[in-house]
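4 protein chains.
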Amino acid sequence: MSEDDIIQEMLLNEDNDDQLTPKQRKILQAAVEMFAEKGYASTSTSEIAKRAGVAEGTIFRHYKTKKDLLYSIAVPMITKFAAPFFAQHFVKHVFNDQYSGYDELLRKLIHNRFEFAKENIPLLKIVLQEMAFQHEMQEKYKEIFSENVLPRFREVVDHFKEKGQIEDYPTETVIRLTITTIVGFLVTRFIIMPDYPWDDEQEIERTISFILHGLETQS
Amino acid sequence: MSEDDIIQEMLLNEDNDDQLTPKQRKILQAAVEMFAEKGYASTSTSEIAKRAGVAEGTIFRHYKTKKDLLYSIAVPMITKFAAPFFAQHFVKHVFNDQYSGYDELLRKLIHNRFEFAKENIPLLKIVLQEMAFQHEMQEKYKEIFSENVLPRFREVVDHFKEKGQIEDYPTETVIRLTITTIVGFLVTRFIIMPDYPWDDEQEIERTISFILHGLETQS
Amino acid sequence: MSEDDIIQEMLLNEDNDDQLTPKQRKILQAAVEMFAEKGYASTSTSEIAKRAGVAEGTIFRHYKTKKDLLYSIAVPMITKFAAPFFAQHFVKHVFNDQYSGYDELLRKLIHNRFEFAKENIPLLKIVLQEMAFQHEMQEKYKEIFSENVLPRFREVVDHFKEKGQIEDYPTETVIRLTITTIVGFLVTRFIIMPDYPWDDEQEIERTISFILHGLETQS
Amino acid sequence: MSEDDIIQEMLLNEDNDDQLTPKQRKILQAAVEMFAEKGYASTSTSEIAKRAGVAEGTIFRHYKTKKDLLYSIAVPMITKFAAPFFAQHFVKHVFNDQYSGYDELLRKLIHNRFEFAKENIPLLKIVLQEMAFQHEMQEKYKEIFSENVLPRFREVVDHFKEKGQIEDYPTETVIRLTITTIVGFLVTRFIIMPDYPWDDEQEIERTISFILHGLETQS
DNA sequence: AATGAATGAGGCTTCATTCAT
DNA sequence: TATGAATGAAGCCTCATTCAT
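Protein chains in written order, with full-length UniProt numbering: chain R, 1 to 219; chain D, 1 to 219; chain X, 1 to 219; chain H, 1 to 219.
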């Protein structure tokens, strides 16, 4: 757990707010809000400046370009969202403890990402939206996914497939179904229907059950 | 089946291409392409005009506003994507045939929507993107969903829950998990990873199995 | 003579004002005035628009870029200034008439360019100024000079050197001294001291004499 | 000769580099380079600061205004370029030595200004460019020219006209032709065609001959 | 003396929309 | 119906200059 924390800490501090001037922090905050509300392309730098309480020129002193501003917000978010897969013990734990199962891993992952999403709804929205059009973000996503998420995830899934806990679908399919269901839940919960009266604990459990039974080896 | 066809036909003809002048058709086609490529906000009417091979003014003769153009493309798409739920026998069939199961429904639904998505990738992309910001599209979506999709879907799910085929989750949860998994598959298949060497038939079957077992009553 | 006229006519009509809308003509006129007065870099497009009595956007409908506007003004001017050297009989005349001398050629050239400069003072100023920084203009100048002016001039000078009318300086030197003196005169007359009470006819004659005696074969 | 040196020394020391801090010297140097390369209006103070390796604010500590910076560079240059005419013996020498001719004076003048131009190409470029638009520079030029250059030059020319060495053109015309030819040579040599394989010694001699014969009394 | 963050006016350019033809 | 010239508001960005440190 402490190891995980350290890594997340590092990730979060990568471009840490500590080094930012107050004005810069205000700019980032305003930009995040507005990009999430209206989309990157429909948000003007003058609006951001106004909401941040800053002269428009000040934005460009810190970010050469409007796109720079977007990237400085969105690109690290991609890494952060994939953060659990950077933790050393994400995989190790699974292998070392013979009694641990896919359910335990899933439960940890979902709870962890649920909390993260809850704290970062606007950022999540921005990434989801702009990933469609921003080349540099797609590159970052591909890099993170293929170099960090996919290999770790594959190890784990293969492990449980060998243990017979998971149906013998192609590993990629298992991963797809798992991620799709988790992300689908988070998107529904926080972006599509944030005002629905969710019973989060139960809904999380049902989602875990759904995945587990969906992937369970069929006799 | 014929009933279903009629309804879809109606849906498709709502703003049917038959009534369009060639220029108008060119405009729509160009707009769909560009909105999907670059996003609504980042596409200029002059670019659309150029690609459509018409004068800029011509666009505004047919669509009062750039947003009108978007809506005339995207709003019907929402209806079309929910089309199966408009079909009378979508539900009736389920009730009349005592031997039919959730799997059969799911299989039909997925195959049907898979084909539809395949034929309408750019439109799908546009709707997914702009739903986030366009109020009128959200309204249309909510209307369709709560008045047509949800009630029908609820009837069906309740029916199978009563028959004991589906675990006793809240109906909304079952619907959410089902839709999330289907849409997640389509998005992954056609938008996120269109170039992956998919074995569509098998992947569809696995997705169906995943949903079915995920929702299956646990002894 | 008529031949010469035709060629000049062509040159002048190359991008002739006839094809321009009234607004476009106004824009060009305003741009020429302001570039000459304040320099290209210190003239804003909004000032040009104001003086032309046009919306700022209108400028960019006709000229993609502020620099385009400059080039569309200045580049043809380079050709026009070198126009006499495009005339077929500029050289032929010299060779065909055994009694003609360098003085006659010079006299024609100076008178002709004097009238031209007089009618195009602002354009002359713009070219002289911007030649220093605009790459594309330098290229055009080099092209015109090395492909049209220099070869013709060289033929003529060599001819008169052979006839013993001109001192045996390198041809390039003769050309340099001639052009330098003519251009120096025009620049002084029209740009540096336009308000001095010039006696143009006499000053032209003195300039011709100066060049002729300066280059005359020394016994 | 020593007298001449003293005067030039004074001129050069007017705003002498000795009194400058290293930073200030760097700023001036950077400004000269960039103004010559891109022109005054197209050079930003931040670029100058960057090339000089100082903070933006530092420039404005030494020069109240960007224009101040330009003037502090260009205005003294005007004086320096006219420096020979400040020397007492420039004229005296001519009168005292009955055997000296216009050729000797010209030769000295050209050699002297040639060396000066060679050492100050960027400054020359700046003055030539900005003279067109900067009022204060024009004033300085007019002052220097009418108060120092013109009177001295006139004395000398009148002297040689009386001696019959120079054709009886108006004195202003003689001066114009002389200066035009010299400046034309320097501009061609150092600014328009600096890369041409010049034979400087010979070209200078030819230029002197050209002027002398051009002005020589015609029998 | 030196810094560099901050400013806000203004620069060039794009854009959706209008309208006379 | 179709055009495309014209608009002017707004967008992104740059710049000379100021000021607290």
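Quick reminder that beta carbons are idealized off the backbone N, C-alpha and C, glycines included.
Listed in chain order, the alpha helix (DSSP H) elements of length 4 or more contained wholly in the segment 111–148 of chain X are 121–130, 135–144.
Listed in chain order, the positions of the UniProt domain "HTH tetR-type" (21–81) of chain H with a beta carbon within less than 7 angstroms of a beta carbon of chain X are K38, G39, A41, S42. Within 10 angstroms of the beta-carbon of T207 of chain H lie 16 or more other beta-carbons, which makes it buried. For G164 of chain X, the closest Cβ of chain H is not nearer than 9 angstroms. Assignment of beta-bridge partners to E216 of chain H by DSSP yields H:I166. Taking all protein chains shown into account, R61 of chain R has fewer than 16 neighbouring C-beta atoms within 10 Å of its C-beta and is therefore exposed.
Inclusion of I27 of chain R and I48 of chain R in the CB contact set at 9 angstroms is warranted, their separation being smaller than that value.
Among the residues of the segment 116–127 of chain R, those with a Cβ less than 8 angstroms away from any Cβ of chain D are K125, in the order of the chain. Looking at the backbone, the Cα of D200 of chain D and that of L186 of chain D are separated by about 11 angstroms. Taking all protein chains shown into account, K161 of chain D has 16 or more neighbouring C-beta atoms within 10 Å of its C-beta and is therefore buried. An exposed status is given to F95 of chain X, since fewer than 16 other beta-carbon atoms sit within 10 Å of its beta-carbon.
Linking T178 of chain R to K163 of chain R through their CA atoms gives a straight-line distance of about 18 angstroms. Here A55 of chain R is exposed: its Cβ has fewer than 16 other Cβ atoms, across all protein chains shown, within 10 Å. Looking at the backbone, the Cα of T217 of chain X and that of D158 of chain X are separated by about 13 angstroms. P84 of chain X sits buried, since 16 or more C-beta atoms from the chains shown fall within 10 Å of its C-beta. Within the same chain, M34, F35 come within 7 angstroms of T43 of chain R by CB-CB distance, once the 5 residues on both sides are set aside.
The Cβ atoms of F210 of chain H and T180 of chain H lie no closer than 9 angstroms to each other. Taking a C-beta distance under 9 angstroms as the contact criterion, R152 of chain H and F90 of chain H qualify as a contact pair. In this structure, D:Q129 is the residue among D:K64, D:P122, D:Q129 with its C-alpha nearest to the C-alpha of K125 of chain R. Taken in chain order, the unbroken stretches of alpha helix (DSSP H) that lie wholly in the UniProt domain "HTH tetR-type" (21–81) of chain X and span 4 residues or more are 22–38, 45–52, 56–62, 66–81. In this structure, DSSP gives Y102 of chain D a helical state, which the three-state scheme calls helix. Linking I191 of chain R to T21 of chain D through their CA atoms gives a straight-line distance of about 39 angstroms. Less than 9 angstroms divides the Cβ of Y71 of chain D from the Cβ of E136 of chain D. Only those residues of the segment 87–117 of chain H whose C-beta falls short of 9 angstroms from the nearest C-beta of chain X would be listed, and there are none. Here the alpha carbon of L105 of chain R sits roughly 13 angstroms from the alpha carbon of I166 of chain R.
DSSP places D158 of chain R in the helix class (H, G or I) of the three-state scheme.
Against chain R, a Cβ distance below 8 angstroms from I211 of chain D picks out G214.
With fewer than 16 neighbouring CB atoms inside 10 Å of its own CB, R25 of chain R falls in the exposed class.
In this structure, the alpha-carbon of H111 of chain R lies about 59 angstroms from that of K23 of chain H.
P197 of chain D sits in coil when the DSSP states are folded into three classes, being neither helix nor strand. Here A87 of chain D carries a coil assignment [DSSP, helix/strand/coil]. Taking 9 angstroms as the threshold, the shortest C-beta distance from T207 of chain D to chain R falls below it. Rounded to the nearest angstrom, the Cβ distance from V127 of chain X to M77 of chain X is 5 angstroms, consistent with a contact under 8 angstroms. Counted as a single uninterrupted DSSP element, the alpha helix (DSSP H) harbouring I175 of chain H occupies residues 171–187. Taking the C-beta atoms as reference points, F133 of chain H is found no nearer than 9 angstroms to A82 of chain H.
In its chain, beyond the 5 residues on either side, S100 have a beta carbon closer than 7 angstroms to the beta carbon of H93 of chain R.
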